[in-house]
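Enquirer: First the structure, which I've put down as structure tokens, then a few questions once you've had a look.
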Amino acid sequence: MPAIAKLSDEDVKFLETVFPGALITKPEELNVYVSDASLQSGSPLCCVLPERVEQVQALFAWADEKRIPIYVRGRGTNLVGDCVAFKPGLV
9 MPAIAKLSDE
19 DVKFLETVFP
29 GALITKPEEL
39 NVYVSDASLQ
49 SGSPLCCVLP
59 ERVEQVQALF
69 AWADEKRIPI
79 YVRGRGTNLV
89 GDCVAFKPGL
99 V
């Protein structure tokens, strides 16, 4: 299945429901999440900031159904690009 280029309005509404006040979609705010300490960069569709296990579970179930990759990120100090969204996905 090809990667999606952007999230649908329905997708954003779902994510806003699961992550109230913790969903980043504005390009200027996503700039922080396009790379790590390596020289590689990507283009995340959005970034979510989960606070509860249930949010992570809902996110993974939804992303699996939609076939959207998830890139797990900590502080962004990784040197090999593991948290970089090489294909459009969620950080």
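Take 9 as the starting number for the sequence shown in the numbering used here and just add one per residue.
We put the beta carbon where it would ideally sit given N, CA and C, even for glycine.
Because the structure is a prediction, the values reported are computed rather than measured.
1. Let me check you understand the geometry: is the CB of A71 closer than 7 Å to at least one non-hydrogen atom of the ligand MN?
2. Here's the rule I'm using: 16 or more other beta-carbon atoms within 10 Å means buried, otherwise exposed. How should V56 be labelled?
3. According to the Cβ coordinates, are L38 and I32 closer than 8 Å?
4. So K14 and L53 are in contact, right, with Cβ under 8 Å, and what is the actual spacing, rounded?
5. Excluding sequence positions up to five away, which residues of its chain have a Cβ less than 6 Å from the Cβ of L21?
6. Does the distance from the CB of F27 to the CB of Q65 come in under 8 Å?
7. So, does the CB of G50 fall closer than 8 Å to a CB anywhere in chain B?
8. With Q65 as the anchor, note down where its alpha helix (DSSP H) starts and where it stops.
Expert: According to the structure shown:
1. By its list of ligands, the structure shown contains no ligand whatsoever, and the ligand MN lies outside what it can speak to.
2. buried
3. yes
4. 6 Å
5. The question names Leu, yet the displayed sequence has Lys at residue 21. Counting only Cβ-Cβ distances below 6 Å, and skipping sequence neighbours, we find nothing.
6. no
7. Any reference to chain B falls outside this structure, which holds one protein chain only.
8. 61 to 74
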